[in-house]
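Please read the structure below before turning to the comments.
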Amino acid sequence: MKLKFWGVRGSIPTPGKHTVRYGGNTPCLELRLDDDKLIMFDAGTGIRSFGDDLINKGESVNGYLLITHPHWDHIQGFPFFKPAFISGNELTIIGTERAEKSLSEIISEQMNRIYFPVQLHELKAKINFMPIREEGEFKIYDAKVSTLYVNHPGFTVAYRLEYLGKTLVYVSDNEPYDRAAAASLVNFENVVKEKFDAQTGDPNQRVFDFCKDADVLIHDATYTPEEYIDRVGWGHSHYLFTLRVAAEANVKRLYLFHHDQNHSDDKVDDILKKCKKEVKTRGYRFECEAAAENMVISIET
């Protein structure tokens, strides 16, 4: 498998001279299975560049788009994904929905004519929707995909993809779960809280288990530990927790993801340096890198 990062920034696009190396686009990943079949993760602003690349190569599209959750930074690039405007292309969108709003409504509302000149039903590609209504697993091509609710406002899922003996886990937005803090937070879904609270011992164990033995783990590392103190309940991790997830899960490679909009390239460099030092000091056995736009990684099968 080959994975390419098209967007690694969180919350809002951050173009400019201070984000050139790691990139300013919001989340989008391209995964190619060994037979070149296409699976995409999230449709942040990075998907625009990916779509342009596909068009420039003259490549038709028949693939799957897995959305972790419908916050703007994870869907706002979809209306600018050019392959969706071309007849003959086909896209199956997978993501969570709510009792009061279907997945298709969630995606189409940002293309309401009040906000955007082209509506979803006007796209020429065939768009299918596959809603996730609970945790579980399903097949995409020859890959097994599992989902897990994580600790982020709204129904947010992590994806675990297993293919020919190799495993990729994508946890774009996730906060360490603390039972005492969670009791006072109102933006988190009760059904998700209940799943964490039902976990024996450390409630984060359910996330550790989900990531277990992954060859590649991509995990939210938005904040420094110092920043996190004032951001409890915002739905994101500090890098020490991210390192702990990788260690507890015995993963082989960790990629720090969802870089804070206020973190410059130099700041991300500093965070990565501190993470590498922690890995060495604590005797962790995984490799650690910071995700960057246009970075390509191989997951050999």
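Take this note's numbering: the last position of the sequence shown gets the number 1126, and nothing is skipped along the way.
Here a beta-carbon is modelled for each residue, glycine too, at the ideal position from N, C-alpha and C.
Owing to the predicted nature of the structure, the values given are computational and were not obtained by experimental measurement.
- Going by beta carbons, G849 and T839 fall inside the 8 Å limit.
- The C-beta of P1001 has 16 or more other C-beta atoms within 10 Å across all chains shown, which makes the residue buried.
- Partner residues in the beta bridge of V982, as assigned by DSSP, are Y974.
- Where F954 is concerned, the enclosing beta strand (DSSP E) starts and stops at K951 to I957.
- Taking C-beta atoms as the reference points, F903 and A868 count as a pair closer than 8 Å.
- If you draw a straight line from the Cα of D898 to the Cα of T851, it comes to about 6 Å.
- If you draw a straight line from the Cα of D1094 to the Cα of V1121, it comes to about 18 Å.
- DSSP assignment within the stretch 892 to 928 yields the following whole beta strand (DSSP E) runs of 3 residues or more, N-terminal first: 915 to 921.
- Taking I932 as reference, the option from F875, N914, F905 and D860 with the minimal CA-CA separation is F905.
- Under DSSP, T992 takes part in a beta bridge, and its partners are E987.
- In this structure, DSSP gives D1045 an extended state, which the three-state scheme calls strand.
- For G1108, there is no enclosing beta strand (DSSP E), since its DSSP letter is neither H nor E.
- Cβ-Cβ separation between S997 and T893: approximately 5 Å, consistent with a contact (criterion under 8 Å).
- In this structure L1079 touches E1112 by the C-beta definition: roughly 7 Å separates them, less than 8 Å.
- Cβ-Cβ separation between R923 and L973: approximately 18 Å, too far for a contact (criterion under 8 Å).
- The DSSP-derived three-state label of G871 is helix.
- Here C853 carries a strand assignment [DSSP, helix/strand/coil].
- Taking C-beta atoms under 8 Å as the contact rule, Y1064 and L1081 qualify, at a distance of about 6 Å.
- When DSSP states are grouped into helix, strand and coil, A1116 belongs to the coil group.
- Bridge pairing for Y847: absent [DSSP].
- Pairing A1007 with K1018 gives a Cβ-Cβ distance under 8 Å.
- I1054 carries a coil assignment under DSSP once its states are collapsed to helix, strand and coil.
- The beta-carbon separation of F1035 and A983, rounded to 6 Å, stays under the 8 Å limit for a contact.
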